[in-house]
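S.K.: Just passing along the structure, written as structure tokens.
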Amino acid sequence: MHAQEATGPRHGMRIGHGNGGRLAYLGFGLAAAGVATILLVHWLVAFWVPTEAAQGVVQRIFYIHVPAAWACFLAATVAGLASAAYLWLEDERGDMAAVAAAEAALVFGAIVLLTGPLWGRIAWGAYWDWGELRLTLTLLLWFSYLGYFLIRGSVADPRKGKRFAAVVAIIGVLSIPLNHVSVVWFRSLHPEPVVFNPEGPSLPGEMLATLLTSLAGFMMLFLGLFTIRYVIENHLRHRNRTSQPDNSGALT
Amino acid sequence: MTSLRWIGVIAWKDLRAEFRSGGRIAAMISFSVLACFLFSFSLGSLVAGRDVAAGLLWLTVLLASISGAGRTFDAEEEDGAFRHLLLSPVSRHAIFLGKAAANLVPVTLVAAFTLFALTLFFRIAAPGSVALHAAILLPGAIGLAAAGTLFGLISRHSSLGDSLLPALTFPALVPLVFFGATASSRVFLDRPWAEISGPARLLWGIAIGVVAVGALLFRYLTDD
Amino acid sequence: MTSLRWIGVIAWKDLRAEFRSGGRIAAMISFSVLACFLFSFSLGSLVAGRDVAAGLLWLTVLLASISGAGRTFDAEEEDGAFRHLLLSPVSRHAIFLGKAAANLVPVTLVAAFTLFALTLFFRIAAPGSVALHAAILLPGAIGLAAAGTLFGLISRHSSLGDSLLPALTFPALVPLVFFGATASSRVFLDRPWAEISGPARLLWGIAIGVVAVGALLFRYLTDD
Amino acid sequence: MTLAARNLVCSYGPTRAVDGVDLEVADDSILAVFGPNGAGKTTLLKALSGERTPDEGVVVADGKAIRGSDPEWRCRVGLVSHRTGLYMKLTVMENLLFFGVLHGLAKAALAAEEALAAVGAPELARHRAEVLSHGQRQRVALARTLLHDPDILFLDEPFSGLDPNGAEALEAVLRERRSPGRIVVLVTHDLRRGLRLADRVVVLRRGRKVLDDDRAECEAEALVGLFTDSGSPA
Amino acid sequence: MTLAARNLVCSYGPTRAVDGVDLEVADDSILAVFGPNGAGKTTLLKALSGERTPDEGVVVADGKAIRGSDPEWRCRVGLVSHRTGLYMKLTVMENLLFFGVLHGLAKAALAAEEALAAVGAPELARHRAEVLSHGQRQRVALARTLLHDPDILFLDEPFSGLDPNGAEALEAVLRERRSPGRIVVLVTHDLRRGLRLADRVVVLRRGRKVLDDDRAECEAEALVGLFTDSGSPA
Ligand code: HEM
Ligand SMILES: Nc1ncnc2c1ncn2[C@@H]1O[C@H](COP(=O)(O)OP(=O)(O)OP(=O)(O)O)[C@@H](O)[C@H]1O
Ligand SMILES: Nc1ncnc2c1ncn2[C@@H]1O[C@H](COP(=O)(O)OP(=O)(O)OP(=O)(O)O)[C@@H](O)[C@H]1O
Ligand SMILES: [Mg+2]
Ligand SMILES: [Mg+2]
Numbered sequence: 014m015h016a017q018e019a020t021g022p023r024h025g026m027r028i029g030h031g032n033g034g035r036l037a038y039l040g041f042g043l044a045a046a047g048v049a050t051i052l053l054v055h056w057l058v059a060f061w062v063p064t065e066a067a068q069g070v071v072q073r074i075f076y077i078h079v080p081a082a083w084a085c086f087l088a089a090t091v092a093g094l095a096s097a098a099y100l101w102l103e104d105e106r107g108d109m110a111a112v113a114a115a116e117a118a119l120v121f122g123a124i125v126l127l128t129g130p131l132w133g134r135i136a137w138g139a140y141w142d143w144g145e146l147r148l149t150l151t152l153l154l155w156f157s158y159l160g161y162f163l164i165r166g167s168v169a170d171p172r173k174g175k176r177f178a179a180v181v182a183i184i185g186v187l188s189i190p191l192n193h194v195s196v197v198w199f200r201s202l203h204p205e206p207v208v209f210n211p212e213g214p215s216l217p218g219e220m221l222a223t224l225l226t227s228l229a230g231f232m233m234l235f236l237g238l239f240t241i242r243y244v245i246e247n248h249l250r251h252r253n254r255t256s257q258p259d260n261s262g263a264l265t
Numbered sequence: 050m051t052s053l054r055w056i057g058v059i060a061w062k063d064l065r066a067e068f069r070s071g072g073r074i075a076a077m078i079s080f081s082v083l084a085c086f087l088f089s090f091s092l093g094s095l096v097a098g099r100d101v102a103a104g105l106l107w108l109t110v111l112l113a114s115i116s117g118a119g120r121t122f123d124a125e126e127e128d129g130a131f132r133h134l135l136l137s138p139v140s141r142h143a144i145f146l147g148k149a150a151a152n153l154v155p156v157t158l159v160a161a162f163t164l165f166a167l168t169l170f171f172r173i174a175a176p177g178s179v180a181l182h183a184a185i186l187l188p189g190a191i192g193l194a195a196a197g198t199l200f201g202l203i204s205r206h207s208s209l210g211d212s213l214l215p216a217l218t219f220p221a222l223v224p225l226v227f228f229g230a231t232a233s234s235r236v237f238l239d240r241p242w243a244e245i246s247g248p249a250r251l252l253w254g255i256a257i258g259v260v261a262v263g264a265l266l267f268r269y270l271t272d273d
Numbered sequence: 050m051t052s053l054r055w056i057g058v059i060a061w062k063d064l065r066a067e068f069r070s071g072g073r074i075a076a077m078i079s080f081s082v083l084a085c086f087l088f089s090f091s092l093g094s095l096v097a098g099r100d101v102a103a104g105l106l107w108l109t110v111l112l113a114s115i116s117g118a119g120r121t122f123d124a125e126e127e128d129g130a131f132r133h134l135l136l137s138p139v140s141r142h143a144i145f146l147g148k149a150a151a152n153l154v155p156v157t158l159v160a161a162f163t164l165f166a167l168t169l170f171f172r173i174a175a176p177g178s179v180a181l182h183a184a185i186l187l188p189g190a191i192g193l194a195a196a197g198t199l200f201g202l203i204s205r206h207s208s209l210g211d212s213l214l215p216a217l218t219f220p221a222l223v224p225l226v227f228f229g230a231t232a233s234s235r236v237f238l239d240r241p242w243a244e245i246s247g248p249a250r251l252l253w254g255i256a257i258g259v260v261a262v263g264a265l266l267f268r269y270l271t272d273d
Numbered sequence: 039m040t041l042a043a044r045n046l047v048c049s050y051g052p053t054r055a056v057d058g059v060d061l062e063v064a065d066d067s068i069l070a071v072f073g074p075n076g077a078g079k080t081t082l083l084k085a086l087s088g089e090r091t092p093d094e095g096v097v098v099a100d101g102k103a104i105r106g107s108d109p110e111w112r113c114r115v116g117l118v119s120h121r122t123g124l125y126m127k128l129t130v131m132e133n134l135l136f137f138g139v140l141h142g143l144a145k146a147a148l149a150a151e152e153a154l155a156a157v158g159a160p161e162l163a164r165h166r167a168e169v170l171s172h173g174q175r176q177r178v179a180l181a182r183t184l185l186h187d188p189d190i191l192f193l194d195e196p197f198s199g200l201d202p203n204g205a206e207a208l209e210a211v212l213r214e215r216r217s218p219g220r221i222v223v224l225v226t227h228d229l230r231r232g233l234r235l236a237d238r239v240v241v242l243r244r245g246r247k248v249l250d251d252d253r254a255e256c257e258a259e260a261l262v263g264l265f266t267d268s269g270s271p272a
Numbered sequence: 039m040t041l042a043a044r045n046l047v048c049s050y051g052p053t054r055a056v057d058g059v060d061l062e063v064a065d066d067s068i069l070a071v072f073g074p075n076g077a078g079k080t081t082l083l084k085a086l087s088g089e090r091t092p093d094e095g096v097v098v099a100d101g102k103a104i105r106g107s108d109p110e111w112r113c114r115v116g117l118v119s120h121r122t123g124l125y126m127k128l129t130v131m132e133n134l135l136f137f138g139v140l141h142g143l144a145k146a147a148l149a150a151e152e153a154l155a156a157v158g159a160p161e162l163a164r165h166r167a168e169v170l171s172h173g174q175r176q177r178v179a180l181a182r183t184l185l186h187d188p189d190i191l192f193l194d195e196p197f198s199g200l201d202p203n204g205a206e207a208l209e210a211v212l213r214e215r216r217s218p219g220r221i222v223v224l225v226t227h228d229l230r231r232g233l234r235l236a237d238r239v240v241v242l243r244r245g246r247k248v249l250d251d252d253r254a255e256c257e258a259e260a261l262v263g264l265f266t267d268s269g270s271p272a
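Chains as they are written, first to last, in this note's numbering: chain A, 14 to 265; chain B, 50 to 273; chain C, 50 to 273; chain D, 39 to 272; chain E, 39 to 272.
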């Protein structure tokens, strides 16, 4: 499919099949560790961490919601950076990394967009509030990664499709800073930062510890998913290239 | 210097062709009139014009410019002219900026026209200072024109067409529209400059950012 | 009989190209999401949803369908296919109706989706009977699809596109949108059928009128 | 069948692109129309095919004035123009099927395959038109024109973009199709090929007919002599 | 100046349109590229002109790998493609002036008039491109290409749509422009004309070079023999 890979070092394919195997194991290991950690967090959330005074039991969604949001942001940022690298260096690996990260962004974004409304239903009495900039920006971010995959398939020349998608990924990232500061700058229902605020974390110790554990779990899960997806993408492209007859000349 | 000349001649060319055909600007403006009419029809009796005018103003300008953006590259593709433009020694930045500058004209016209139509339809007696409105709408129009140029090119090549535009432009445009509406509403409510200068500066920042990012990324959209 | 077959195959062809591109309808829907979001963002706190939903619904559908319709004839003109379509034994009516039918699908989907999104965005608990909404939106969608087809042709055809004709198509839709919004608002407010049937009938009348006029005019717009 | 034009005039605003042309195409024959750029050849074809109502004069087929809007007439006409007229997003087969069904062909798929084979491009069927090369598209356009087996073929520079084999194939098709009840009007700048195929030759210049003669009487070199002022549109 | 390609590969997805082509164009010479429809000629030109970065291989001009994004390179290149590349709403003169200014010509208007005269269409200047006939547009496209007096001309079927006089005029222009420091790469299906003009001949088939020879060694009939599978892209 992508003849660029054949160009040698500059165009990727350093990670051949042998290497790919090792990387895949690493990915599975990381993902498994992530899942285990997240399971541990569920246990912590259920039996260890104290109930938050104001909101009661629902607040425990916090330990999934927030790390997922950060993992989503991280994935989006990686996708943006990898896309920029792809455009800048014309290195096929950049595109493969961007695809892997963008898919992770979709997954973690979906978690945020599921846990947030569930929490909101109880905390605010509504699943969603369209007047809320953060919610909207998060949804739009998720949409733009959907667009990322749509646009790739919709352009006749696959090379153009990849470039267009890369531009979409880069533009998407630009909204993250605004998303982060939106709750501080504008009066809103959504809580302000509790960890990354200038006065330092404003959380009780156990809560912070649980949050950090969960965060570690999500980061591992992200890295794991990212690696696995990257290896798969690499494999697919490699296979497509080699399965193609040498002189496919033109069509058919 | 040559860059400026290039930008100028590209914008000149686009505007010349635009005014010869005229369809797009007319359609965009009648779109805005119709929107204002419908707004006043469905809201007029319920709310005070000054409270909603800012939101409706930005909404209309945004939708009109999105619907116009898809046509930015029509003349270029009519018989493959874009290919030759790209093959000329003009830098990609200049092409982008020239086309964005040409786009700015209809967007600005629509913005000015919508402002006028809204104050008329909603009978807003004192719509605030025109200069202040301009200071806010101008960066908004610049940002919209630039984003429209960038994404117009993408939609041109994608089989998904123009309708893909909103989904892609969202992250870039929502901040712009958000701050724009905030600032405009303060102008409508006759607040002092001190309260407006903050979002106005931010708007200029975003607009310049969109133009810069657009000029940077345009290269990658056009290179084969 | 053959006429029906022609209409079918032309609609099939258009829809095929449309669906082939995978997400154009999804993307058109995202246009409506954007509009709904902006509406609720700028109006949500000021007014009750049920009071404004009807106007916004029709406005959004109108904008989405017009901005989509502009592209109806793009595929036809990409490499001069329209000329061959006109030269085939198919009657002009059938061409118009086939293309309008193909347009009807996205317009109807957008209408349904916008209705859904608005009740969601504005948290309208009891948005009225779905069947009644459909009875009003369907003629509206038919009228818009037909008008959009004409609009697309006019703005595409170079000799006509240069004129103000495209701009004039919009205002021609004012009655449709006006009665549509009136009827829809009564459904939103849960009024009895007696109060709705009047405008609903009128809407059907207008829709049929637009289709008939379109089918008639189409001949004169396409003949050389 | 016969086709004739009497005193045809077609104007674009002040430009008289076709300026009082009379001509006659006998049954079972090929008419070649030559002329410099801007002579009005394409416009003449538009008038003959009924696509454009002439400003003056009539086109007569089998003794009756044609009406472009008459479906029966349109069923009998096939046209190749400067542009391919393909839907880029559809596959070649879908393009052909679409036009086949419009023409009411019972076995559209079969006809499409035959037409593709005739122009030497049977393997293109499943590809989208947008990925084809220039000449491949031209072949598909030819196939679309042949699909419904029209009695009257109007070919406006049909050889452009075709490789030598493609051009041969098209020549063969035209020769083979030649039969009573059918005629071909061929516009081309390839005088040699045109003379090889045609029975009669017409040369236009500035919208007027400057030659109308039997093929046997014509020589390529002499014809070019008639082209003076080429390229001038007024 | 010299131009060379080493192991060029250009793919569209799985299709290798140009599949490992090496070639060399000597200074002061014309290279003719022939090949069946879909052979990859147009794609090859795109790679040679720097319009498309090849997936593999390099294009070398005067011993240095070219970069398509280099303005200096682009100043030296002129291209005629399947489509005219004119802005339909602008007049011919406006079209030419626009490209002239883009190329930084000091006397764009003068150059435009000269270029129009060279292609035999001086009287078209004030007409909008949209009202021109096919061949008139092609002439204007040629004028636009010649406008900035490029060192390297890439011509993709430049004769298509031109009447015999126009084709003559173009041949004359090409012969006249021929001089040290300049080269022409000409793609055409008109083998006779191509052979008349060229110094060297390359034949492509299915993206691969199947012949690269001196003009003197080539005969049109023999060349067509190399086109087997013509039109069939696989
Ligand atoms: C309804 C949909 C929701 C969405 C889409 C959403 C989205 C997000 C996002 C994107 C972040 C990360 C922001 C950042 O760190 O810059 C975040 C953080 C957070 N969210 Fe939500 N959220 C939603 C609902 C809620 C609700 C209902 C609550 C609780 C009442 C909540 C509480 C929090 C908290 C406490 C944080 C951590 C803030 C920090 O420390 O930075 N969220 N949310
Ligand atoms: N749409 C149009 N509007 C105005 N003038 C036109 C239009 N189309 C063609 N003309 C003019 O009519 C004349 C004849 O054009 P036509 O296309 O019939 O020429 P042609 O003989 O086909 O030329 P070519 O060999 O270049 O294809 C030309 O002078 C042209 O400028
Ligand atoms: N945009 C595209 N996407 C996919 N495939 C393409 C595209 N353009 C061309 N091709 C394929 O690449 C091959 C070479 O095309 P190219 O246009 O270079 O041929 P060519 O030699 O110029 O043919 P012609 O003589 O018909 O102009 C063809 O098989 C064609 O189908
Ligand atoms: Mg012609
Ligand atoms: Mg080609």
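In this text, a Cβ means the ideal position worked out from N, Cα and C, and glycines have one as well. All values reported here derive from a predicted model rather than from experimental measurement.
List the residues of chain B that residue 3 (chain E) touches, going by C-beta distances under 8 Å, in chain order.
M.R.: Residue 3 (chain E) falls outside the range modelled here, since chain E spans only 39 to 272, and no answer is possible.
S.K.: CB residue 227 (chain C) to CB residue 102 (chain C), shorter than 9 Å?
M.R.: Cβ distance not < 9 Å, so residue 227 (chain C) and residue 102 (chain C) don't count as in contact.
S.K.: Should residue 82 (chain C) be listed as close to ligand 1, given that the test is whether its C-beta is under 8 Å from any heavy atom?
M.R.: Checking every heavy atom of ligand 1 against the Cβ of residue 82 (chain C), none is found closer than 8 Å.
S.K.: Identify whether residue 139 (chain D) lies in helix, strand or coil by the three-state DSSP scheme.
M.R.: Correct three-state label for residue 139 (chain D): helix.
S.K.: Let me make sure I understand the geometry here. Which of D:211, D:220 and D:128 has the alpha-carbon closest to that of residue 100 (chain D)?
M.R.: Nearest C-alpha to residue 100 (chain D): D:220.
S.K.: I'd like to know if residue 51 (chain C) contacts chain F, where contact means its C-beta is closer than 9 Å to some C-beta of that chain.
M.R.: Protein chains A, B, C, D and E are contained in the structure displayed, whereas chain F is not.
S.K.: With a threshold of 9 Å between beta-carbons, can residue 269 (chain B) be considered close to chain A, or not?
M.R.: Yes, its Cβ sits closer than 9 Å to a Cβ of chain A.
S.K.: Once you ignore the five residues that flank residue 221 (chain C) on each side, which residues in its own chain have a CB closer than 8 Å to its CB?
M.R.: 196.
S.K.: Look up residue 138 (chain A) in the DSSP assignment and say whether it is helix, strand or coil.
M.R.: In this structure, residue 138 (chain A) counts as coil in the three-state DSSP scheme.
S.K.: For a test of the three-state rule: what should DSSP assign to residue 65 (chain E), helix, strand or coil?
M.R.: Note: residue 65 (chain E) maps to coil in three-state DSSP.
S.K.: Could you tell me which whole beta strand (DSSP E) segments of length 3 or greater appear in the stretch 182–239 of chain E?
M.R.: Counting whole runs of 3 or more residues, the stretch 182–239 of chain E contains the beta strand (DSSP E) stretches 190–194 and 221–225.
S.K.: Could you tell me if residue 164 (chain D) is buried or exposed, where buried requires 16 or more neighbouring beta carbons within 10 angstroms of its beta carbon?
M.R.: Exposed, because fewer than 16 other Cβ atoms sit within 10 Å of the Cβ of residue 164 (chain D).
S.K.: Would a C-beta distance cut-off of 9 Å place residue 190 (chain C) and residue 146 (chain C) closer than the cut-off?
M.R.: Cβ distance not < 9 Å, so residue 190 (chain C) and residue 146 (chain C) don't count as in contact.
S.K.: Which value, in whole angstroms, describes the spacing of the CA atoms of residue 223 (chain D) and residue 144 (chain C)?
M.R.: Roughly 28 Å separates the two Cα atoms.
S.K.: Using beta-carbon positions only, say whether residue 225 (chain B) and residue 267 (chain B) come within less than 9 Å of one another.
M.R.: It is not a contact, given that the beta carbons lie outside the stated cut-off.
S.K.: What are the residues in the stretch 101–117 of chain B lying within 8 Å of chain C by C-beta distance?
M.R.: Result list: 101, 103, 104, 105, 107, 108, 111, 112, 115 and 116.
S.K.: Any C-beta of chain A sitting closer than 9 Å to the C-beta of residue 272 (chain B)?
M.R.: So, interface residue.
S.K.: Going residue by residue through the stretch 76–118 of chain B, where are the continuous beta strand (DSSP E) segments of at least 3 residues, counting only ones entirely within it?
M.R.: List check, beta strand (DSSP E) in window: nothing returned.
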